[in-house]
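Working notes for the structure below.
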Amino acid sequence: MGLSFTVGGAKGTFEERFAVEVAGVLDNAFGAEGDWEGVAPRHYGELVDSGWLELQDRAASELGPDSVPNLMALGAEGRGVYLPTHVRAVSLPLSVGGPLRCASLPGLRTELAELADRWELPLDDEGLQTLLEVSRDPDDGWVADAPEILTFARLALAANEATRRDCPLWLVG
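For the record, in the sequence shown the residue sitting at position 86 is 81 according to this note's numbering, with numbers rising by one throughout.
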């Protein structure tokens, strides 16, 4: 299973018992300011290749790792959550699996804007959708665009929606 992007609450993103635990951990850490549980999820696809790591590597190489702390916060495997608030990156313990890595959605969007400017890429939904559609060839599947560019487009689309809905952006897999 690859890395998937989901915008919404913990319920619908995870099975019920785990969703309740995740929401409780977020409540304890940040208060009940966000709707960690109930917002219906919207899925933004799955990455099956090395796009996440390539996005991190290229962003850190071009802008410096200190300039992309939110992008780097979820680690090389890219599992965690971007919260719709200004928070410092933190890892919170869970009863199953590894810790829940959390970072700032507004901070991520700032970093994505810097990358879009550097790479001359769009940040609006229509431009990002076009980038994803144009990169598919009906006969040969995915073509020329580098995996990190396609990952950028999918992540930016999901971040736009999470901001509009004022809810978390989950990267799970």
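Don't be surprised by glycine CBs; every beta carbon is placed ideally from N, CA and C. Note that the structure is a prediction, hence the values are computed from the model and not measured.
By the DSSP assignment, the alpha helix (DSSP H) with E109 in it spans what residues?
100 to 114
From what residue to what residue does the beta strand (DSSP E) around L166 run?
164 to 167
Quick one: is Q51 buried, meaning 16 or more other Cβ sit within 10 Å of its Cβ, or exposed?
buried
Could you name the residues of the same chain whose beta carbon sits closer than 8 Å to that of G(-3), not counting the 5 residues immediately before and after it, in chain order?
Here G(-3) has E41, L42, V43, D44, G168 as same chain residues with Cβ atoms under 8 Å from its own Cβ, once five neighbours each way along the sequence are excluded.
If A98 and Y77 are in contact, beta carbons under 8 Å, what's the gap, nearest whole angstrom?
With 8 Å as the limit, A98 and Y77 qualify as a contact, their Cβ atoms being about 5 Å apart.
If you draw a straight line from the alpha carbon of W47 to that of A111, how long is it in whole angstroms?
16 Å
Excluding sequence positions up to five away, which residues of its chain have a Cβ less than 7 Å from the Cβ of V20?
L87, L89, L95
Am I right that A151 and L100 are in contact with their C-beta atoms under 8 Å? What's the rounded C-beta distance?
Contact flag wrong, Cβ pair sits at about 12 Å.
Taking only three categories from DSSP, how would you classify E72?
It is coil, neither helix nor strand.
Considering only their Cβ atoms, is the gap separating G75 from L166 smaller than 8 Å?
yes
What are the start and end residues of the beta strand (DSSP E) that includes E169?
A question about residue 169 goes unanswered here, because the residues of the chain that appear run from -4 up to 168.
Assuming S86 is part of the beta strand (DSSP E), what are its boundary residues?
85 to 87
Tell me which residues share the same chain as G3 and place their Cβ nearer than 8 Å to its Cβ, disregarding the 5 neighbours each side in the sequence.
Contacts found: V34, A35, P36, R37, R160, C162, P163, W165.
Using only alpha-carbon positions, find the residue among R113, R149, E143, L103 that is nearest to T125.
R149
For the beta strand (DSSP E) containing S(-1), name the first residue and the last one.
-2 to 2
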